[in-house]
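This is the structure we're talking about:
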């Protein structure tokens, strides 16, 4: 058991309406303890930066400037160091949508929250359990049946000081509704953020989702986005990850209904010495589901990317179409990529494909561009950014595309090729 | 314009060019013909500065500058253009974006201001029209999914935009039908202005019906073994490379 986990368990309070889930999480944390060095889930992602931490929770936080996304007319909900600083009741919430803090007294709302809290996210995630046990700040977004909410809701986590931040986002999309949700996080100081989000997407509903996990430096982030897809529901998700001392996202997409369609694009850009770990699990429990996942990343000098993409097709999930692809570009011989696409198929009438590639700088294409006089540094960005840019261009929201493209190309332009 | 003296070059320690001499003056068109494996493509790669192509002996100057001393992109900015036999596909980088960077790199070299997006677009559209490439090719990934003929026309389109001083066309005719060949040749001929020089590398005489050379050189076993005027190409067409006798046998060996 690590010092940090002991303090987590000691500090948990079981006095609110979420106590049953918190209790279950605590029991699992106690029983399973801290992952051993050879634990499959953490084998390439050392937890040493957390092990010896002291638990510290902020009780209040100041408003700090929130990174802007130009021309995106979104409704912002902001957490600073784990504290919800947005006054939810003052928000101009779009019609058909209700947003509440997790700290509510109203029994009906509590019941609605409890129907999502810990119900979409699988219980196996270590830091998901910690978040279950400790999170005090979070929001619940409820979209009414048939409501098509086009205004994006942006949830921002900012790490500004050395505390542990545990925040939660719960989203319930009613039948045939739609919403656009952006989860965004950043910070570079010594800190730890566990930000978990659960999405319950009802029949015929559509979720457009983004997660920008831009923690760097000594900011440790351990979070996840988890989706439950019911009949004919659709998900279009884009993840963007920077690396830090320790940065890990767990994603689960669970096809609980038939004819659901999940699409996920993930991008990671790791500068020198950074670590980013994406574990995704797609459960096809029901027939006729479709999943397409593309994870692409660029790994700089002495940086490490870990990708684990699992597709599990249950016996009854006939006629599933599932594709998973991971492409990597190494900028240096000292960069590391641990990629592991996994297919586990128990149905006999499915179409599945998975693959992973690791490339180095494309000599022939680079040469071709140089013969046209393009400066070497520019050619490198244009060439090697192309496969990332494809995923940026694939994002449905133009304002987000226009914001992200220069942000990511700038980050890449400063990464050294060795 | 271009002066090559006693050039020796190798790839992966295999010597391919074995003492090649060539003088190209402004405005001239030189055709280089030869059997497969003679080193025709290698010459283009060596002159452009491709990695892995080592020059062990000889010198090359372009307008008096030591070409071999320059990086690939510097050679291009000095006015050297290589039209590839197999143009490279670059998915994710649009033709437009690529050419805009190229054209502006050339302009910077000449001390000119970069083109605005609108100015560039106009030039690019004109160049596309000249080689009969549909305008949406500008938006597509560089050569991505282009047919063989479209790739070759895209090369000529780039050449028109970049306004080089010396163009090396590496088998720009291969894989083209007669109509496409005509388009490529028209594109090239439109760029002949009495100053710009061309080296046309080809296996067949056919292209030279469309692009009239001032000189024809036969390259065999890494050397120019015979030079003449356009009639030399016809001779090759009639009797093949066998008339070269010993040199040809060496190349085949």
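Protein chains in written order, with our numbering: chain A, 3 to 420; chain B, 8 to 260. Don't be surprised by glycine CBs; every beta carbon is placed ideally from N, CA and C.
Residues that residue i contacts on chain A, provided the C-beta gap is smaller than 8 Å
i: residue 113 of chain B; result: 375
Terminal residues of the alpha helix (DSSP H) in which residue i lies
i: residue 92 of chain B; result: That residue, residue 92 of chain B, is in no alpha helix (DSSP H); it is neither H nor E in DSSP.
i: residue 292 of chain A; result: Per DSSP, residue 292 of chain A belongs to no alpha helix (DSSP H); it is in the beta strand (DSSP E), 292-301.
i: residue 169 of chain A; result: Per DSSP, residue 169 of chain A belongs to no alpha helix (DSSP H); it is in the beta strand (DSSP E), 166-175.
i: residue 288 of chain A; result: Neither: residue 288 of chain A is in no alpha helix (DSSP H) and is coded neither H nor E.
i: residue 130 of chain A; result: 128-136
i: residue 127 of chain B; result: 124-137
i: residue 79 of chain B; result: 79-84
i: residue 163 of chain B; result: 155-169
Beta-carbon spacing of residue i, residue j below 8 Å
i: residue 294 of chain A; j: residue 313 of chain A; result: no
i: residue 112 of chain A; j: residue 106 of chain A; result: yes
i: residue 129 of chain A; j: residue 196 of chain A; result: yes
i: residue 309 of chain A; j: residue 290 of chain A; result: no
i: residue 264 of chain A; j: residue 214 of chain A; result: no
i: residue 23 of chain B; j: residue 229 of chain B; result: yes
i: residue 36 of chain B; j: residue 207 of chain B; result: yes
i: residue 356 of chain A; j: residue 327 of chain A; result: yes
i: residue 53 of chain B; j: residue 96 of chain B; result: no
i: residue 173 of chain A; j: residue 212 of chain A; result: no
i: residue 100 of chain B; j: residue 368 of chain A; result: no
i: residue 307 of chain A; j: residue 275 of chain A; result: no
i: residue 41 of chain A; j: residue 340 of chain A; result: no
Interface residues of chain A facing residue i [CB-CB closer than 9 Å]
i: residue 83 of chain B; result: 372, 373, 374, 375 and 376
i: residue 55 of chain B; result: 369, 372 and 373
i: residue 109 of chain B; result: 371, 374, 375 and 376
i: residue 198 of chain B; result: Per Cβ cutoff of 9 Å: no residues; residue 198 of chain B is ~16 Å from chain A at best.
Chain A within 8 Å of residue i, Cβ atoms only
i: residue 194 of chain B; result: no
i: residue 257 of chain B; result: Residue placement at residue 257 of chain B cannot be trusted, given a pLDDT of 44 that sits under 50; the coordinates are not used to answer.
i: residue 105 of chain B; result: yes
i: residue 178 of chain B; result: no
i: residue 18 of chain B; result: no
i: residue 162 of chain B; result: no
i: residue 183 of chain B; result: no
i: residue 23 of chain B; result: no
i: residue 79 of chain B; result: yes
i: residue 169 of chain B; result: yes
i: residue 92 of chain B; result: no
i: residue 260 of chain B; result: Only weak support is given to the placement of residue 260 of chain B: the predicted model assigns it a pLDDT of 37, under 50, and the question is left unresolved by the model.
i: residue 189 of chain B; result: no
i: residue 212 of chain B; result: no
Limits of the beta strand (DSSP E) - the one that residue i falls within
i: residue 225 of chain A; result: 221-231
i: residue 117 of chain A; result: Unbroken run through residue 117 of chain A: none, as it is neither H nor E.
i: residue 12 of chain A; result: Not the beta strand (DSSP E): residue 12 of chain A falls in the alpha helix (DSSP H), residues 5-13.
i: residue 26 of chain B; result: 21-31
i: residue 142 of chain A; result: 139-145
i: residue 246 of chain B; result: From DSSP, residue 246 of chain B is part of no beta strand (DSSP E) but of the alpha helix (DSSP H) over 237-246.
i: residue 207 of chain A; result: Unbroken run through residue 207 of chain A: none, as it is neither H nor E.
i: residue 243 of chain A; result: 236-244
i: residue 17 of chain B; result: 9-18
Interface partners of residue i on chain A, CB under 7 Å
i: residue 5 of chain B; result: In the structure displayed, chain B extends from 8 to 260; residue 5 of chain B sits before or after that span and is not available.
i: residue 89 of chain B; result: 373
i: residue 58 of chain B; result: 365 and 369
i: residue 137 of chain B; result: Near residue 137 of chain B there are no residues of chain A at all, since even the closest Cβ is about 18 Å away, more than 7 Å.
Partners in chain B for residue i, counting only beta-carbon separations shorter than 9 Å
i: residue 367 of chain A; result: 95, 96, 97, 100 and 149
i: residue 380 of chain A; result: 108 and 112
Neighbour flag for residue i against chain B, beta carbons, 8 Å
i: residue 325 of chain A; result: no
i: residue 362 of chain A; result: no
i: residue 392 of chain A; result: yes
i: residue 265 of chain A; result: no
i: residue 174 of chain A; result: no
Where residue i meets chain B, residues with beta-carbon distance less than 8 Å
i: residue 420 of chain A; result: Correct list: empty, because the minimum Cβ distance to chain B is about 16 Å.
i: residue 163 of chain A; result: In chain order: nothing, as chain B lies at least about 40 Å away.
i: residue 153 of chain A; result: Near residue 153 of chain A there are no residues of chain B at all, since even the closest Cβ is about 31 Å away, more than 8 Å.
Distance between beta carbons of residue j and residue i, contact taken as under 8 Å
i: residue 299 of chain A; j: residue 271 of chain A; result: 7 Å
i: residue 179 of chain A; j: residue 145 of chain A; result: 4 Å
i: residue 65 of chain B; j: residue 12 of chain B; result: 6 Å
Below-8 Å beta-carbon distance, residue i vs any chain D residue
i: residue 46 of chain A; result: Structure shown: chain D not included; protein chains present are A and B.
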